[in-house]
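Peer 1:
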Amino acid sequence: PKGLPGLGSAPENFARRVGEMSNGRLTVRVYGAGEVVPPFEVFDAVSQGVAEMGHGASYYWKGKIPAAVFYTAVPFGMTAQEMNGWLHYGGGLALWRELYAPFGVRPFAGGSTGVQMAGWFNRELKSAEDLNGLKMRIPGLAGEVFAASGGTAVRLAGGEIYTSMQTGVIDAVEWVGPYNDRTLGLMEVAEYYYYPGWHEPGAMLEFTVNQKAFDRLPSDLKAIVEGAARATNQDMLDEFTARNNESLTTLLTEHSTKLRPLPDDVLDVLHSNSVIALEQLKADDPMATKISASYEAFLDGVRTYHEISERAYLNARDRVLPPISFIDQ
2 PKGLPGLGSA PENFARRVGE MSNGRLTVRV YGAGEVVPPF EVFDAVSQGV
52 AEMGHGASYY WKGKIPAAVF YTAVPFGMTA QEMNGWLHYG GGLALWRELY
102 APFGVRPFAG GSTGVQMAGW FNRELKSAED LNGLKMRIPG LAGEVFAASG
152 GTAVRLAGGE IYTSMQTGVI DAVEWVGPYN DRTLGLMEVA EYYYYPGWHE
202 PGAMLEFTVN QKAFDRLPSD LKAIVEGAAR ATNQDMLDEF TARNNESLTT
252 LLTEHSTKLR PLPDDVLDVL HSNSVIALEQ LKADDPMATK ISASYEAFLD
302 GVRTYHEISE RAYLNARDRV LPPISFIDQ
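Next comes the structure, spelled out in structure tokens:
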């Protein structure tokens, strides 16, 4: 939604950067979802030239472009740091542009939230059996995984989530994390807050540009669009990193939020069905096979190094610093 901190402010920040960097030679006017087209029609609007640019999440276009899910998030896949590395230095961006080229659309990374939360639930999850019959707002490949695990996946735009939880249309919702979830007031309509975000470990948003409109720009303005997108992409991750913890503290101290880890057997079932869903996606779509090969090879490589870098360091830090504790509701 337009104006939502983090997600919604990214297009505004991009527009400001473009204007400043170009000294006013290129201006970007930002419209909210529904002002020009409905939220799930942004890609088509850019493709058809109704709008020169869009900002959204690629997994919403899965029905049209199955392999697009790789560019938002793959369950149990890359973190934001890994995703940015793959896109900009591992060949991921070139494949993304190849994927969108038939539609006349040029994609850019448009911001990442980092690891998300697993979501808000109106009941406690004690085992994988508790997923049966659960109606949850969860899009993308993760929605298929959730459905295969016994639940019902519902696709809703951000502006529809609160009311749908409040009225019982859904029983659970994944949105982002404490920063944006608190802004939407989700702690008012659900009690249990689960982690980790198995479904979106490094959720990436996108800027999409109509290719013909981009081609009309002189080279310096093309570079400005590219640079402004890169800056906005990093800025969003910085913002979520800074704001999530303070928002989580507010949720736990000022509201009745009950923070819970997903049970191991829930994670096991979700992972098993994630493997099946990914294999089916590759079997059905040649571009998914091509992109997956690049994605998986890069992930295997960075996991190897992260074992002796990020993971080793975090383990060492936890060994010497005071343990982390949460308020137990």
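The numbering used here puts the last residue of the sequence shown at 330; the count rises by one with no breaks. Using N, Cα and C, we set each Cβ at its ideal position, and we do this for glycine too.
(1) Using the three-state DSSP reduction, which class does Gly55 fall into: helix, strand or coil?
(2) For Gly9, verify whether its CB is less than 7 Å away from any heavy atom of the ligand ADP.
(3) Mind checking whether Gly31 and Val19 have CB atoms under 8 Å apart?
(4) To which residues does DSSP link Leu187 through a beta bridge?
(5) For the pair the segment 162-172 and the segment 75-92, tell me if three or more CB-CB distances fall below 8 Å.
(6) Which of the three DSSP states is assigned to Pro40 in this structure?
(7) Can you list the alpha helix (DSSP H) stretches of 4 or more residues lying completely in the segment 250-310, in chain order?
(8) At which residue ranges does the segment 162-243 contain complete beta strand (DSSP E) runs of 3 or more residues, listed in the order of the chain?
(9) What does a CB cutoff of less than 6 Å around Ser59 pick up in its chain, not counting 5 residues either side in sequence?
(10) Which stretch, first to last residue, makes up the alpha helix (DSSP H) that contains Met84?
(11) Considering only their Cβ atoms, is the gap separating Ser113 from Met205 smaller than 8 Å?
(12) Based on the DSSP secondary-structure assignment, which residues constitute the bridge partners of Pro108?
(13) Run the CB neighbour count on Thr250, radius 10 Å, all protein chains shown included, and call it buried at 16 or more, exposed below.
(14) Just checking my contact of Gly120 with Tyr195 at CB under 8 Å: how many whole Å lie between their CB atoms?
Peer 2: Concretely, from the data shown:
(1) Numbered from its first residue, the sequence shown carries residue 55 at position 54. If DSSP states are grouped into helix, strand and coil, Gly55 belongs with the strands.
(2) Looking for the ligand ADP in the displayed structure turns up nothing, as the structure carries no ligands at all.
(3) Locating residue 31 in the sequence shown gives position 30, where the first residue counts as 1. Locating residue 19 in the sequence shown gives position 18, where the first residue counts as 1. Per the sequence presented here, residue 31 reads as Val, with Gly not at that position. The answer is no: Cβ separation not under 8 Å.
(4) Here the question's residue 187 lines up with position 186 in the sequence shown. Residue pairing by DSSP places Leu187 opposite no residue, since no beta bridge is assigned to it.
(5) Taking a cut-off of 8 Å for Cβ pairs, the segment 162-172 and the segment 75-92 do not touch, as fewer than three such pairs fall below it.
(6) In the sequence shown, the residue the question calls residue 40 occupies position 39. Of the three classes helix, strand and coil, the one that applies to Pro40 here is helix, per DSSP.
(7) Runs found: 265-285 and 287-309.
(8) Counting whole runs of 3 or more residues, the segment 162-243 contains the beta strand (DSSP E) stretches 193-196 and 205-211.
(9) As a working note, residue 59 is residue 58 in the sequence shown. Only Ala69, Tyr72, Thr73 and Glu207 meet the Cβ criterion.
(10) Within the sequence shown, the letter at position 83 stands for residue 84. Here the alpha helix (DSSP H) through Met84 covers Ala81 to Tyr90.
(11) To locate residue 205, count along the sequence shown from 1; it is residue 204. To locate residue 113, count along the sequence shown from 1; it is residue 112. Yes, Cβ-Cβ distance for Met205 and Ser113 is below 8 Å.
(12) Within the sequence shown, residue 108 is the residue found at index 107, counting from 1. Thr209, per the DSSP bridge assignment.
(13) Here residue 250 refers to the residue found at position 249 when the sequence shown is read from its first residue. Exposed, by the Cβ-count rule.
(14) For this step, residue 120 is matched to residue 119 along the sequence shown. For this step, residue 195 is matched to residue 194 along the sequence shown. Taking C-beta atoms under 8 Å as the contact rule, Gly120 and Tyr195 qualify, at a distance of about 6 Å.
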